[in-house]
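Sequences listed follow chains A and B, in order.
1 is the number of the first residue of the first sequence in full-length UniProt numbering; add one for each residue after it.
1 is the number of the first residue of the second sequence in full-length UniProt numbering; add one for each residue after it.
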Amino acid sequence: MRMPEPDATTLDRRLSVVHELRRMVPEPGGVIHDPDELAVYECDGLTAYRQLPLVVVLPQTTRQVAQVLKYCHETGVKVVPRGAGTSLSGGALPLADGITLGLGKFNRILEVDLENRCAVVQPGVTNLAISTAVAGQGFYYAPDPSSQIACSIGGNVAENSGGVHCLKYGLTTNNLLGLEFVTIEGEVIRLGGKHLDSPGYDLMGVITGSEGLLGVVTEVTVRLLPTPATARALLMGFESSEAAGDTVTAIIAGGIIPAGLEMMDRPAIHAAEAFCHAGYPLDAEALLICELDGPEAEVEHLIEQVAAIARGKGANSLRVSADEAERQAFWAGRKAAFPAVGRISPDYYCMDGTIPRHQLPHVLGRMRQMSAEYGLDVANVFHAGDGNLHPLILFDANRPGDLEKAEAFGAEILKLCVEVGGVLTGEHGVGVEKRDLMPVMFEPVDLAHQQQVKCAFDPRHRLNPGKMFPELHNCAELGRLHVSGGRMPFPDLPRF
Amino acid sequence: MSETLKPATADQVVDAVAQALAAGTPLEVVGQGSKRAIGRPMEAESRLDLSKLTGISLYEPAELVLRAAAGTPRAEIEAALAAERQRLAFDPPDLGALLGGPAGRGTLAGMVVPNLGGPRRLSAGAPRDHLLGYKAVSGRAEAYKAGGRVMKNVTGFDLCKLMAGSWGTLGVLTELTLKVQPLPETSRTVLLLGLTDGLGVRALSRAMGGPHEVAAAAHLPAGVAALSKVAAVARAGAEGRAVTALKVEGPGPSVAHRAGGLKTDLADLSADAEDIHDAQGATLWQEIRDATLLAEPAEGLIWRLSVTPMRGPEIAHAIVQRLPGTRGLYDWAGGLVWLAVPGDTAQGDGGAGPIRRALAEHGGGHALLLRGPEALRARVAVFQPEDRVTAALSRRLRLGFDPRLILNRGRLIAEQPEE
């Protein structure tokens, strides 16, 4: 993976950068530049890529964040924002000539306002901590990425994180009310609040999922939901992924929006069952877990409907959770699918494409062919309700060429996702991992329009360069108009 | 207005924008024109009419996705969805009657680009939450695409969010892909009678925080309730009693159960509760969605305020103190305040000052002058003014997508192109 060439001048003045940062963030531990300590920050959840940052700064106040960003803007130093470092796409991969700006010290829940169903938190608070803080009062925060124990809400905003409940409750972007945000010029703005919608351009909407390329979030107001009265799950085994896919289609076509609807293929079922003995049917080619939540009377009713649909589509095993413990057991295997695969293979590479759901059998079939061609096994877990696919490519990094093969296989899967009408990433982000695949999905003109946003927020490209875009155009050049005055008078255009 | 351009293809939209760009003459972008009277009066020399750009190109009910050309009539979209027992989740208002025109008009893009949601916006999200992808022609006269057709997509910047709420100033949409929603089997609306505004909104807040999955939550002061076409609501209003309304949707047994649960849970606030069924409920929620209860007198100014839900009543009361004769209602569990301000204030600022001062003093939010005479809309900020830094970012975005301010110039704010 090619990263922007480190700037020699910046590398040379490293000590002066450290000195300046110390002045801005004088607290003990606020600036880290010892190489051993920097090693902690050398990668995020995408561990295949590593790079020691120039220096790490851990500010504690919005004012300090503003000072650091202004300094970067004015003196030409690059800056990589970092939450908990759980990104699976390398969004927080450091730059040799860049400051890593960690938000870990922004770890307080500032306000819980249940009457207005929201909480105001600092960006370093973990996703799960928000739900935990309000669970006793019967509320929760809906998006639940599988890293929720560790990932921070600020990182969730940066990546527009999802989870298993997206089909019914949306992604991060659908569950935010307000942000405090610092621009690269060091200006602090507040977007939204406890009210809904935005009066002008939806800046909060475009900042969400911008992978640290537009600025730094220093406060987040999230929407809280009342905990559903009940939740129950069905565990359904099928002889083919087609039958399982048809069942998903029939459930949604029947007007039912489950809280979670997950599919696993045979290799994933076997790995998960061996790992945590969830009672999954080992004779099934595909397994569906369907969770319904809400008022008891409704869940009861819908469970029966889903069961009838599954039987009609030829489910050869079907269990309904009788109590909370059994529901948790159904999920245990799915939630442990990644570590379970990790046990059967020295390494695995987790992909994250989304496809139109009806393409599933075709995509799984093509993936089996590719698997044979590359000589690498693949296990699939799938957020079936919303079409988000997580193929896990099994490989051994110690075997020469395996990592490269796995990456090539992964890229081919993502190209296939785009080819069938889907996208490169459903929830993990582009980062460095899928950066060079962006042209598979977008034409240069599409990317140029996306980059207009970058130019409005960070015209000098100080924020997280080398991520998301294969190539960042000079903003002045990108801004130039190409007017063809000679093309008039457009004879084909109907006029009245 | 020198001419109206009526492109029938996206390529012709490119030509139209290129022509305007070359000549430096701004365009007014319209669909069926049902929301033309919203916003600042524009400086436009030609009109770009998208009403010929129609047709649903993809509708897969089982995948909850619909794609259609920007000018596809609202009625066509709604009919196609209804045939598959689906709908647009964000409940777009039909403001035709409120703005003095016929009801039932409008286009797909016209429902999305202003990012205005109806009563169900509270539980289901706004238009911006349902726009999965689009094709557009920017003010650079370049056709491009953004987003996709799948529910989960974080590939690149989320430009869909910018387009919803842009009022046509960032690009001319030519095609939109939306997430749609199954129609619930049935619905029921619980009415609590005789609560003050404060207690009414408190009841709504408590219901929203409870287990009954409330889809919509509104409070109508007695004078407004009296104008309803729904007998039970009008009767209560005529008796001087306010009506607090909570809608639940879903399978029949569930709906009955939850309506009962709501009444039980809120019994300490209101002993006087009743239910109305699907059809009557539809009438009531449409009256709230389209603000038709505030439509008369026609010279009244209509403001739409998004506020911290529990502070809705204190904001409304602060405004009424300063602008006597103002009437209103609360939607979104108190978070959306609709106000009809007496028309004579249009000689002054139309209430803009007092309304925005009340917002600033009571927890913030934003106010849109949705209906008012053209002269007033030219004089006061129709949309909530932004702070200096936000305004500068918005301006840079605007210039990035439309460097010569060709599209709907002046609709959101007074603006001039860079020299």
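Glycine residues also receive a C-beta, built at the ideal position from the N, C-alpha and C atoms.
Range covered by the alpha helix (DSSP H) that runs through residue i
i	result
serine 131 of chain A	127 to 135
asparagine 156 of chain A	153 to 159
Beta-bridge pairing of residue i - partner residues as DSSP gives them
i	result
isoleucine 32 of chain A	A:Val56
glutamate 3 of chain B	B:Ser46
phenylalanine 238 of chain A	A:Ala286
threonine 10 of chain A	For threonine 10 of chain A, which the question treats as bridged, DSSP gives no partner whatsoever.
serine 89 of chain A	According to DSSP, serine 89 of chain A bridges with nothing at all.
alanine 136 of chain B	B:Tyr144 and B:Leu173
threonine 221 of chain A	A:Val120 and A:Gly178
threonine 107 of chain B	B:Pro73
lysine 247 of chain B	B:Thr189 and B:Ala216
residue 498 of chain A	The structure shown has nothing for residue 498 of chain A, since chain A only spans 1 to 496.
cysteine 160 of chain B	Answer by DSSP bridge pairing: none, since cysteine 160 of chain B is not bridged.
Minimum Cβ-Cβ distance from residue i to chain B less than 9 Å
i	result
glycine 479 of chain A	yes
residue 503 of chain A	Nothing in the structure corresponds to residue 503 of chain A, since chain A is present only between 1 and 496.
glycine 255 of chain A	yes
glycine 85 of chain A	no
methionine 468 of chain A	yes
methionine 438 of chain A	yes
glycine 155 of chain A	no
proline 145 of chain A	no
aspartate 202 of chain A	yes
cysteine 166 of chain A	yes
phenylalanine 238 of chain A	no
lysine 434 of chain A	yes
phenylalanine 139 of chain A	yes
glutamate 111 of chain A	no
phenylalanine 338 of chain A	no
methionine 488 of chain A	For methionine 488 of chain A, the pLDDT reaches just 49, beneath the cut-off of 50, and the residue's location in the model is therefore unreliable, although a value from the coordinates is still provided. Methionine 488 of chain A counts as touching chain B.
arginine 22 of chain A	no
Extent of the continuous beta strand (DSSP E) run through residue i
i	result
isoleucine 303 of chain A	Here isoleucine 303 of chain A belongs to no beta strand (DSSP E); instead the alpha helix (DSSP H) covers 296 to 312.
glycine 328 of chain B	327 to 331
methionine 263 of chain A	260 to 265
phenylalanine 382 of chain A	378 to 383
tyrosine 169 of chain A	Not the beta strand (DSSP E): tyrosine 169 of chain A falls in the alpha helix (DSSP H), residues 166 to 169.
threonine 100 of chain A	98 to 102
alanine 23 of chain B	Looking at the DSSP string, alanine 23 of chain B is not in any beta strand (DSSP E); the run it does join, the alpha helix (DSSP H), is 10 to 23.
is_contact[residue i, chain A] using C-beta, thresh 9 Å
i	result
tyrosine 144 of chain B	yes
lysine 247 of chain B	no
residue 458 of chain B	Summary: the structure shown does not reach residue 458 of chain B, with chain B confined to residues 1 through 419, and so no result is reported for it.
aspartate 15 of chain B	yes
lysine 52 of chain B	yes
alanine 62 of chain B	yes
arginine 404 of chain B	yes
aspartate 349 of chain B	no
methionine 42 of chain B	no
valine 65 of chain B	yes
glutamine 12 of chain B	yes
histidine 219 of chain B	no
histidine 212 of chain B	yes
methionine 310 of chain B	yes
Residue i at chain E interface by Cβ criterion, 9 Å
i	result
asparagine 115 of chain B	Any reference to chain E falls outside this structure, whose protein chains are A and B.
Item to complete: Please list the residues of the stretch 450 to 465 of chain A that have a C-beta atom closer than 9 Å to any C-beta atom in chain B, keeping them in chain order.
Response: Gln450, Gln451, Gln452, Val453, Lys454, Cys455, Ala456, Phe457 and Pro459
Worksheet item: Residue ranges of each alpha helix (DSSP H) run of no fewer than 4 residues wholly in the stretch 396 to 421 of chain A, ordered along the chain?
Response: 402 to 419
Worksheet item: Looking at chain B, which residues of the stretch 34 to 65 of chain A have a Cβ within less than 7 Å of any of its Cβ atoms?
Response: none
Worksheet item: What are the residues of the stretch 387 to 398 of chain B that lie near chain A, defined by any Cβ-Cβ distance shorter than 9 Å?
Response: Asp387, Arg388, Val389, Thr390, Ala391, Ala392, Leu393, Ser394, Arg395, Arg396, Leu397 and Arg398
Worksheet item: Which runs of the beta strand (DSSP E) spanning at least 3 residues fall entirely within the stretch 171 to 198 of chain A, listed in chain order?
Response: 176 to 182 and 188 to 192
Practice prompt. Counting only runs of 4+ residues fully inside the stretch 417 to 468 of chain A, write out the alpha helix (DSSP H) ranges in chain order.
Written response: 438 to 441 and 444 to 457
Fill in: Selection of the stretch 151 to 173 of chain B by Cβ proximity to chain A, strictly under 7 Å
Met151, Lys152, Asn153, Val154, Thr155, Gly156, Phe157, Asp158, Leu159, Lys161, Leu162, Ala164, Gly165 and Ser166
Practice prompt. Name, going along the chain, the residues of the stretch 273 to 307 of chain A whose beta-carbon falls closer than 9 Å to a beta-carbon of chain B.
Written response: Gly294, Pro295, Glu296, Ala297, Glu298, Val299, Glu300, His301, Leu302 and Gln305
Fill in: Complete alpha helix (DSSP H) runs within the stretch 185 to 244 of chain B (minimum length 4 residues, chain order)
197 to 208, 222 to 225 and 231 to 238
Worksheet item: Which whole runs of the alpha helix (DSSP H) in the stretch 334 to 407 of chain B are 4 residues long or more, in chain order?
Response: 352 to 361, 374 to 379 and 388 to 401
Practice prompt. Would you list, in chain order, the members of the stretch 251 to 267 of chain B that have their beta-carbon closer than 9 Å to a beta-carbon of chain A?
Written response: Pro251, Gly252, Pro253, Ser254, Val255, Ala256, His257, Arg258 and Gly261
Item to complete: Report the residues of the stretch 222 to 235 of chain A with a CB closer than 8 Å to any CB of chain B, ordered along the chain.
Response: Pro226, Thr227, Pro228 and Ala229
Practice prompt. Please list the residues of the stretch 198 to 211 of chain B that have a C-beta atom closer than 7 Å to any C-beta atom in chain A, keeping them in chain order.
Written response: Ser205, Met208, Gly209, Gly210 and Pro211
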